[in-house]
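In the numbering used here, the protein residues as written are 9 to 224.
Idealized CB from N, CA, C, for every residue including glycine.
Remember, it's a predicted structure, so these values are computed and weren't measured experimentally.
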Ligand code: GRF
């Protein structure tokens, strides 16, 4: 089967992007990273992508002001020439409108640094510490118009340790992110993920929290 062509959307350093690029270097990986787009001209990830020989584009949101629809039309126009099959959001800090999301049904993935549906939104690690949870983690999900709410493809749990700071917890979660994003992309690119009743089935069974598939 032809490898799926993936665009990664970033706003910052791009460590999840790098994890996906590294995974895709394996010839057996079912997807290739064809394009990296940033809305931030200064995003560190752009240089890291170029260094790997990947096409990059910048679609700065600022000239569009509050006109999110116009920004997204420009984003879509930047993506279109690259014959993209799947999009991975990786630290992309713009909320997408239903119009853009509708262009990519079941083809738009996001990674969130918490065990959804807990701690949607920003500052997840500080909020996890403040809540006193003992387990925290990361989630890869399909994007739907409601923020951080789409069907969950993969999750990994990490412990919250007694002396954790926001930084130590973030680092532990980030390592989990770098494991589950390539795993989730692999499953989607291989066509093994189906959505039924807002839940992802992998090979016809429910996805277990650790990102592996267990019979439901
Ligand atoms: C990650 O924690 C991701 O889950 C969140 O933003 C961060 C991006 O980090 N959405 P990086 O740019 O991939 O290093």
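CB of residue i within 9 Å of CB of residue j, strictly
i: residue 162; j: residue 191; result: yes
i: residue 198; j: residue 119; result: no
i: residue 103; j: residue 135; result: no
i: residue 101; j: residue 47; result: yes
i: residue 130; j: residue 116; result: no
i: residue 43; j: residue 18; result: no
i: residue 195; j: residue 203; result: no
i: residue 164; j: residue 137; result: no
i: residue 160; j: residue 200; result: no
Distance, residue j Cα to residue i Cα
i: residue 176; j: residue 20; result: 20 Å
i: residue 217; j: residue 41; result: Residue confidence is low: residue 217 scores 48 on pLDDT, short of 50, so the model does not pin down where it sits. Its coordinate-derived value is still stated next. Approximately 26 Å, taken between the alpha carbons.
i: residue 95; j: residue 15; result: 5 Å
i: residue 143; j: residue 67; result: 37 Å
i: residue 72; j: residue 213; result: 43 Å
i: residue 211; j: residue 13; result: 22 Å
i: residue 139; j: residue 182; result: 20 Å
i: residue 172; j: residue 205; result: 37 Å
i: residue 49; j: residue 179; result: 25 Å
i: residue 158; j: residue 150; result: 5 Å
i: residue 69; j: residue 25; result: 20 Å
i: residue 112; j: residue 105; result: 12 Å
i: residue 33; j: residue 11; result: 12 Å
i: residue 84; j: residue 132; result: 29 Å
i: residue 64; j: residue 107; result: 23 Å
Whole-angstrom C-beta distance between residue j and residue i, which should lie under 8 Å
i: residue 22; j: residue 99; result: 7 Å
i: residue 148; j: residue 109; result: So it is not a contact: roughly 16 Å between Cβ atoms.
i: residue 155; j: residue 114; result: 18 Å between Cβ atoms; not a contact.
i: residue 141; j: residue 86; result: Actually they do not touch by this definition, with Cβ atoms about 39 Å apart.
Minimum Cβ-Cβ distance from residue i to chain D less than 9 Å
i: residue 151; result: Given the protein chain composition of this structure (a single chain), no chain D is represented.
(request) Could you tell me whether the segment 16-35 touches the segment 57-67, where touching means 3 or more Cβ pairs closer than 8 Å? (result) yes
(request) Flag this pair as touching only if the segment 124-131 and the segment 77-95 have three or more C-beta atom pairs under 8 Å; answer yes or no. (result) no
(message) Three or more C-beta pairs under 8 Å: does that hold for the segment 178-194 against the segment 32-41?
(response) yes
(request) Pair every Cβ in the segment 69-81 with every Cβ in the segment 165-175, then say whether three or more of these pairs are closer than 8 Å. (result) no
(message) So if I measure from each beta-carbon to every heavy atom of ligand 1 and keep distances below 5 Å, which residues remain?
(response) 20, 21, 22, 23, 24, 98, 99, 119, 121
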